[in-house]
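Peer 1: In UniProt numbering, the protein residues as written are 1 to 61. Here a beta-carbon is modelled for each residue, glycine too, at the ideal position from N, C-alpha and C.
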Amino acid sequence: MIIVLKQEAKTEDVTRIEKTIEEKGLQVHVSKGENQTIMGLIGDTTKVDPESIEVDPAVEK
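1) If you check the beta carbons only, do G33 and K47 fall under 8 Å apart?
2) At what residues does the alpha helix (DSSP H) containing V48 begin and finish?
3) Near T18, which residues of its chain fall below 8 Å by C-beta distance, leaving aside the five closest residues on each side in sequence?
4) Is it right to say T37 is buried, meaning 16 or more other beta carbons lie within 10 angstroms of its own, or is it exposed?
5) For V55, name the three-state secondary structure that DSSP assigns.
Structure (structure tokens):
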């Protein structure tokens with residue numbers, strides 16, 4: 001699963017989302033680009049409800 005964060009997402013947003021996902025037993029690979037941050041989830045993504053992530057104000061898609 002890939003999570004794309006909004007351009008204006010802050011470091012605190014990335015940390016909060018990362019912690020939430022890790023609590024479900026998954027690993028997170030964060031790639032910070034010049035204009036966007038992408039999070040790659042590694043593990044059993046069926047443990048994560050995509051809708052619960054999409055409603056986060058820092059998440060683009």
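Peer 2: Taking the structure as given:
1) no
2) Note, V48: premise wrong, no alpha helix (DSSP H); not H, not E.
3) At residue 18 the sequence reads Glu, which differs from the Thr that was named. Excluding residues within five positions, the ones whose Cβ falls inside 8 Å are V28, V30, M39.
4) buried
5) coil
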